[in-house]
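Chains as they are written, first to last, in our numbering: chain E, 140 to 544; chain G, 140 to 544. Heads up, the thing below is written out as structure tokens.
Protein chains: 2
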Amino acid sequence: MSLIVQKFGGSSVANAERIFNVADIITGTYKQGNDVVVVVSAQGDTTDDLIAKAQEINENPSKREMDMLLTAGEQMSASLLAMAIEKLGFPVVSLLGWQAGFLTSSAYGSARIKRVVPDRIQKELDKKNIVIVTGFQGVNRYNDMTTLGRGGSDTSAVAIAAVMKADLCQIYTDVDGVYTADPRKVPNAKKLDVISYNEMLELATLGAQVLNNRSVEMAKKYNIELEVLSSLTRKRGTIVKEANKMEKMLISGVAKDEDVARISIIGVPDRPGLAFKIFSKLSGKNINVDIILQSVGRNGTKDISFTVGRSNLQDALDILTPYVEVLGASGIVHDETVAKVSIVGAGMESHPGVAADMFEALFESNINIRMISTSEIKISVLIDQADADRAVTAIHNKFFSDVAM
Amino acid sequence: MSLIVQKFGGSSVANAERIFNVADIITGTYKQGNDVVVVVSAQGDTTDDLIAKAQEINENPSKREMDMLLTAGEQMSASLLAMAIEKLGFPVVSLLGWQAGFLTSSAYGSARIKRVVPDRIQKELDKKNIVIVTGFQGVNRYNDMTTLGRGGSDTSAVAIAAVMKADLCQIYTDVDGVYTADPRKVPNAKKLDVISYNEMLELATLGAQVLNNRSVEMAKKYNIELEVLSSLTRKRGTIVKEANKMEKMLISGVAKDEDVARISIIGVPDRPGLAFKIFSKLSGKNINVDIILQSVGRNGTKDISFTVGRSNLQDALDILTPYVEVLGASGIVHDETVAKVSIVGAGMESHPGVAADMFEALFESNINIRMISTSEIKISVLIDQADADRAVTAIHNKFFSDVAM
């Protein structure tokens with residue numbers, strides 16, 4: 140007998156028919172003799188609908204009240220899913236985040252799980268109940284409802300799997316696994332059977348929105364085997380696990396991120412500490428900076444360029460524009476017509492030719508590289524947004540042209 | 140400074156505009172220097188919509204999961220109302236039933252409040268917050284969500300008022316007070332300024348669905364002054380309080396109840412104990428019997444007639460029909476084309492002519508009385524349903540014809 144955690148996203152429970160589809164998957168797993176803990180998101184567009192309802196009343200509500208409102212979403216989906224499982228004749232109980240022992244920080248809207256005390260879940264499993272837990276939510280030290288932020292249901296599932304030492308954590312979503320590139324854009328993209336935590340992390344960061352980043356980090360930390368799969372196709376998905384358990388793939392995927400804007404501060408005096416001051420100002424406002432490029436100094440000045448998420452662009456400009464004069468720089472410019480394309484692969488650490496192959500693919504497609512950033516298992520380039528889809532296809536063909544479909 | 144509890148029903152918060160109307164009432168009370176605790180129901184048709192959603196999945200879900208689903212309704216209305224109050228610039232916090240300390244029995248769907256521990260409410264009041272509490276819900280000893288049953292939000296409000304010794308408990312609804320008769324049916328029905336708990340209880344039982352019965356019982360027990368009023372008209376409503384504080388009115392109202400069916404067991408042998416056996420069988424199945432009439436014995440047999448709610452009719456017949464033979468009775472008949480019309484008034488105790496006046500009004504309208512039941516402050520008659528509205532008007536005119544409009 141195994142303990143299996145299954146997480147179902149909002150599209151998997153969007154209506155009564157899909158709820159019964161999910162109930163069938165869950166009871167199938169239970170019938171095989173497994174203990175099953177299910178984490179469920181709010182149905183379909185519920186969260187967006189609730190946000191719209193709040194906006195109609197107050198365009199800037201407190202995050203505490205917003206969390207109070209939004210946590211009702213999973214409460215409804217969890218109880219409806221439990222009713223479907225009851226209808227199929229299986230013992231089931233639904234639990235809210237606080238009932239399931241999800242203790243979080245107090246950062247309403249983006250709380251972090253501090254502890255999961257799974258006593259109640261275990262008690263229900265001991266009674267042979269299927270346990271449905273509301274994802275995305277918990278309770279803070281004041282006994283107030285909190286949400287983990289978007290994608291937080293993945294994290295809820297992995298947290299339960301970690302604390303209860305589950306044998307497998309299945310993340311059911313609307314795609315049937317992790318692909319070497321976006322299959323809607325690259326027709327010969329291939330589904331991966333397996334990928335390492337680190338590769339998955341880089342892909343998640345890079346905009347392949349299959350798995351929430353925090354959930355992968357937590358799975359890595361507690362060595363929980365994940366499976367990403369579709370609730371609709373019922374095929375095997377992609378397993379995410381420790382790299383040393385698997386043959387390292389040279390390249391596991393190509394990803395595109397269009398949520399990126401470039402900022403350049405021009406003519407910064409070539410003195411130590413100025414770059415630090417710029418980036419500490421941004422991090423002080425919780426603005427993440429990604430690729431950073433500093434030009435070689437010329438005439439005693441240099442240019443500092445970097446990328447931020449587009450939603451942070453205005454904040455970053457507001458912070459830095461008045462600061463240009465203080466720095467003694469000559470100006471600040473920005474560009475939103477850019478995109479980031481990246482390749483990820485645990486095998487590239489030991490294969491130095493990977494970057495050259497990537498750049499060759501872009502050169503052959505006449506695509507100009509504007510910035511480059513590399514990590515041990517990732518190479519990212521900043522290019523014109525208009526070239527992004529062509530770039531993904533060209534790079535994918537370079538590395539995966541020999542892949543049997 | 141006073142502590143005022145205000146309860147708003149679903150129609151009072153049905154949409155954004157009404158939510159702001161309610162927010163205005165609440166903040167107006169707060170601005171006058173009062174501590175304000177608000178109890179709110181789910182918006183408009185939310186509860187019915189959730190029930191329909193559940194029915195789509197499982198026509199017979201467990202009551203536990205049903206309560207889990209339904210309690211999301213007030214969670215949403217409470218947080219939205221809090222956001223509206225935030226928008227108006229006032230300090231506010233919304234609390235769920237369990238956060239507000241509502242400990243209930245485990246009877247999902249119709250739980251009873253066992254205790255209210257208002258520590259958190261008091262803490263928020265001490266911080267000068269307006270406190271919004273979800274009505275209709277609590278938590279049982281297993282830490283599971285429970286609902287108090289329909290109309291339970293009134294009870295929630297009175298329970299808070301009782302335990303916190305509030306100075307006033309205002310029940311905002313879609314009518315502007317308690318009337319001497321249904322104002323939609325009797326044009327010259329008059330709004331009462333004040334009514335006693337007992338009169339209100341009789342009226343509530345008799346189908347004047349202004350206030351939930353349990354809430355009036357609780358208000359009486361803890362001597363909490365209630366005010367029934369409309370959130371839309373903003374006029375003074377009807378005060379419900381202890382009779383000895385007020386001049387006793389001869390008649391406070393005329394009420395009609397069409398949820399009534401008559402059952403007669405014919406030819407019951409005239410032996411002691413048979414009536415007891417009949418009614419103990421019914422009470423064993425939780426069927427409430429109202430008016431009871433036993434004919435004078437003749438030829439050693441008698442007829443026993445009584446009324447039950449229509450939803451209980453089939454159950455009552457199922458129980459009693461096989462029992463007719465055991466009793467040695469000759470048959471059982473029933474009639475659903477009846478209605479009960481009642482007058483209520485604390486003053487009738489000392490005015491014996493009231494019943495005669497009521498019967499005279501019915502006689503003048505040529506309405507046949509089929510059964511009669513009286514209590515110290517109530518006289519009820521069972522008549523043909525087709526005559527019910529005429530009967531209410533005739534009786535109302537008899538007692539209130541001299542009332543200045």
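Even for Gly, the Cβ is constructed at its ideal location relative to N, Cα and C. Please read these numbers as outputs of a predicted model, since none were measured by experiment.
Cβ-Cβ separation, residue j to residue i (assumed contact under 8 Å), whole Å
i        : j        : result
G/Val178 : G/Val272 : 5 Å
E/Ile269 : E/Ile165 : 6 Å
E/Pro257 : E/Ile299 : 7 Å
E/Ser196 : G/Ala181 : Residue 196 of chain E is actually Ile in this sequence, not Ser. That belief does not hold up - the Cβ atoms of E/Ile196 and G/Ala181 are roughly 16 Å apart, past 8 Å.
E/Leu545 : E/Leu413 : The first residue shown for chain E is 140 and the last is 544, placing residue 545 of chain E beyond what the model contains.
E/Ile363 : E/Cys308 : 5 Å
G/Arg259 : G/Gln238 : 6 Å
G/Glu213 : G/Phe147 : Actually they are not in contact, since the Cβ atoms of G/Glu213 and G/Phe147 sit about 11 Å apart, beyond 8 Å.
Spatial distance of residue i from residue j (CA atoms)
i        : j        : result
E/Ser101 : E/Leu452 : Residue 101 of chain E lies beyond the residue range present for chain E, which begins at 140 and ends at 544; the question has no answer from this structure.
E/Asp315 : E/Leu342 : 16 Å
E/Val542 : E/Lys330 : Only weak support exists for where E/Val542 lies, its pLDDT of 45 falling under 50; the coordinates are left without a value.
E/Val367 : E/Ala485 : 19 Å
G/Met544 : G/Gln261 : Annotation note: pLDDT 36 at G/Met544 (below 50); position unreliable, coordinate value reported separately. Each residue's Cα considered, the two are about 44 Å apart.
G/Ser519 : G/Ser481 : 4 Å
E/Leu365 : E/Val255 : 19 Å
G/Leu340 : G/Met357 : 11 Å
E/Leu287 : E/Thr186 : 13 Å
E/Ile443 : E/Val407 : 7 Å
E/Gln171 : E/Met140 : 8 Å
E/Thr532 : E/Leu389 : 17 Å
E/Ser249 : E/Asn327 : 37 Å
E/Met284 : E/Glu204 : 9 Å
G/Ala394 : G/Pro491 : 20 Å
G/Ile522 : G/Phe502 : 12 Å
E/Glu338 : E/Tyr311 : 19 Å
G/Glu225 : G/Gln524 : 50 Å
E/Ser233 : E/Tyr318 : 33 Å
G/Gly423 : G/Asp454 : 12 Å
G/Gly392 : G/Ser335 : 12 Å
G/Ala221 : E/Asp184 : 23 Å
G/Ala468 : G/Arg157 : 58 Å
G/Gly149 : G/Ser292 : 10 Å
G/Ala301 : G/Thr243 : 16 Å
E/Phe445 : G/Lys267 : 46 Å
G/Gly167 : G/Asp174 : 11 Å
E/Ala527 : E/Lys479 : 8 Å
E/Asp429 : E/Ile404 : 15 Å
E/Leu546 : E/Arg401 : In the structure as shown, chain E begins at 140 and stops at 544. Residue 546 of chain E is therefore absent and cannot be evaluated.
Nearest residue (CA-CA) to residue i, options the options
i        : options                                   : result
G/Val399 : G/Ser434, G/Arg449 and G/Val407           : G/Arg449
G/Thr294 : G/Asn282, G/Ala320 and G/Asn351           : G/Asn351
G/Leu459 : G/Ser141, G/Ile417, G/Glu156 and G/Val278 : G/Ile417
E/Ala296 : E/Asn282, E/Val355 and E/Lys266           : E/Val355
G/Val483 : G/Ala320, G/Ile158, G/Gly376 and G/Phe445 : G/Ala320
E/Thr476 : E/Asp396, E/Glu488 and E/Ala455           : E/Asp396
E/Phe241 : E/Val393, E/Lys192, E/Asn282 and E/Asp188 : E/Asn282
E/Gly277 : E/Met207, E/Asn507, E/Val325 and E/Asp265 : E/Met207
G/Ile508 : G/Gly274, G/Ile143 and G/Glu499           : G/Glu499
G/Thr440 : G/Gly470, G/Asp429, G/Leu220 and G/Thr446 : G/Gly470
G/Val493 : G/Arg251, G/Asn505 and G/Glu515           : G/Glu515
G/Met215 : E/Ile190, E/Ala217 and E/Gly236           : E/Ile190
E/Ser245 : E/Arg410, E/Ala239 and E/Lys253           : E/Lys253
E/Ala193 : G/Gln194, G/Leu219, G/Asn505 and G/Tyr169 : G/Leu219
Residue i, buried or exposed, once every other Cβ within 10 Å from all chains shown has been counted against 16
i        : result
E/Val161 : buried
E/Pro200 : buried
E/Val435 : exposed
E/Ser540 : exposed
E/Asp188 : exposed
Query raised in the report: Which residue spans inside the stretch 487-527 of chain G form an unbroken beta strand (DSSP E) run of at least 3?
Result: Scanning the stretch 487-527 of chain G for uninterrupted beta strand (DSSP E) segments of 3 residues or longer gives 510-514 and 517-523, listed from N- to C-terminal end.
Report task. Note down, one range per segment and in chain order, each alpha helix (DSSP H) of at least 4 residues found wholly within the stretch 285-371 of chain G. Result -> 291-302, 336-344 and 352-361
Query - Runs of beta strand (DSSP E) lying entirely within the stretch 141-192 of chain E, each at least 3 residues, in chain order - result: 142-147 and 174-179
Query raised in the report: Could you give the uninterrupted runs of the alpha helix (DSSP H) lying entirely in the stretch 448-490 of chain E, keeping only those of 4 residues or more?
Result: 449-459 and 462-466
Query - Contiguous beta strand (DSSP E) assignments of at least 3 residues, all confined to the stretch 375-411 of chain G - result: 377-380, 392-396 and 400-408
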